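Engineer:
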Amino acid sequence: MATETIPFDASEFFADAEAQAALLTDAFESGDAAYIANALGIIAKAKGMTRVAREAGVTREALYKALSERGDPKFSTILGVAKALGLKFTVTPASGPAE
-11 MATETIPFDA SEFFADAEAQ AALLTDAFES GDAAYIANAL GIIAKAKGMT
39 RVAREAGVTR EALYKALSER GDPKFSTILG VAKALGLKFT VTPASGPAE
């Protein structure tokens, strides 16, 4: 007998701002561009992908593709999504000497 599975949707677990901030913090700390894009996609889906896409100035389909695990969004898309999600980026020096 085959094991029956159900689809997993991570966006269901990131409905509140605190959980979203924790996800993005972890993604940015990882330095993994794909993880960062995917984390933004999870949050965009939790907030409503159609609305976020409209406010970011891209189509819903293009946003799904750009923010997927295999996506490679333009920086302008990332900035548009961040604005649509009510986020702003700040930069702090990394700990330790610059190489």
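Sequential numbering of the sequence shown, starting at -11, is according to the numbering used here. Positions of the beta carbon are idealized from the N, C-alpha and C atoms, including for glycine. Because the structure is a prediction, the values reported are computed rather than measured.
#1: Across the region 53 to 73 and the region 26 to 33, are there enough close Cβ pairs to call them in contact, namely three or more that are closer than 8 Å?
#2: Do F1 and A10 come within 8 Å of each other at the CB atom, strictly closer than that value?
#3: Once the 5 residues before and after E43 are set aside, which same chain residues still bring their CB inside 8 Å of it?
#4: For the ligand NAP, I want to know if A34 counts as a neighbour, meaning its beta carbon is within less than 7 Å of at least one of the ligand's heavy atoms.
#5: Assuming V46 contacts T65 (C-beta within less than 8 Å), just tell me the rounded distance between them.
#6: Cutting at 8 Å between CB atoms, please list the residues of its own chain near S18, excluding the five before and the five after it.
#7: Which same chain residues, not among the five before or five after P61, have their C-beta less than 7 Å away from its C-beta?
#8: Let me know if A41 comes out buried or exposed under the rule of 16 or more other beta-carbons within 10 Å of its beta-carbon.
#9: Please report how far the alpha carbon of S83 lies from the alpha carbon of A(-10), in whole angstroms.
Structural biologist: With the structure as the only source:
#1: yes
#2: As a first step, residue 10 is located in the sequence shown; it is residue number 22 there, counting from the start. As a first step, residue 1 is located in the sequence shown; it is residue number 13 there, counting from the start. Against a cut-off of 8 Å, the Cβ pair of F1 and A10 comes out as no contact.
#3: Indexing the sequence shown from 1 puts residue 43 at position 55. G68, K71 and A72, listed in sequence order.
#4: Only the bare structure without any ligand can be found here, which leaves the ligand NAP out of the picture.
#5: What you label residue 46 is simply residue 58 of the sequence shown in a count that begins at 1. What you label residue 65 is simply residue 77 of the sequence shown in a count that begins at 1. That belief holds up - the Cβ atoms of V46 and T65 are roughly 6 Å apart, short of 8 Å.
#6: What you label residue 18 is simply residue 30 of the sequence shown in a count that begins at 1. Same-chain partners within the cutoff: I24.
#7: As a working mapping, residue 61 is identified with position 73 in the sequence shown. A25, A54 and L55, listed in sequence order.
#8: Here residue 41 corresponds to residue number 53 of the sequence shown, with the count starting at 1. Flag for A41 reads buried.
#9: Taking the first residue of the sequence shown as 1, we reach residue 83 at position 95. Taking the first residue of the sequence shown as 1, we reach residue -10 at position 2. Approximately 50 Å between the Cα atoms of the pair.
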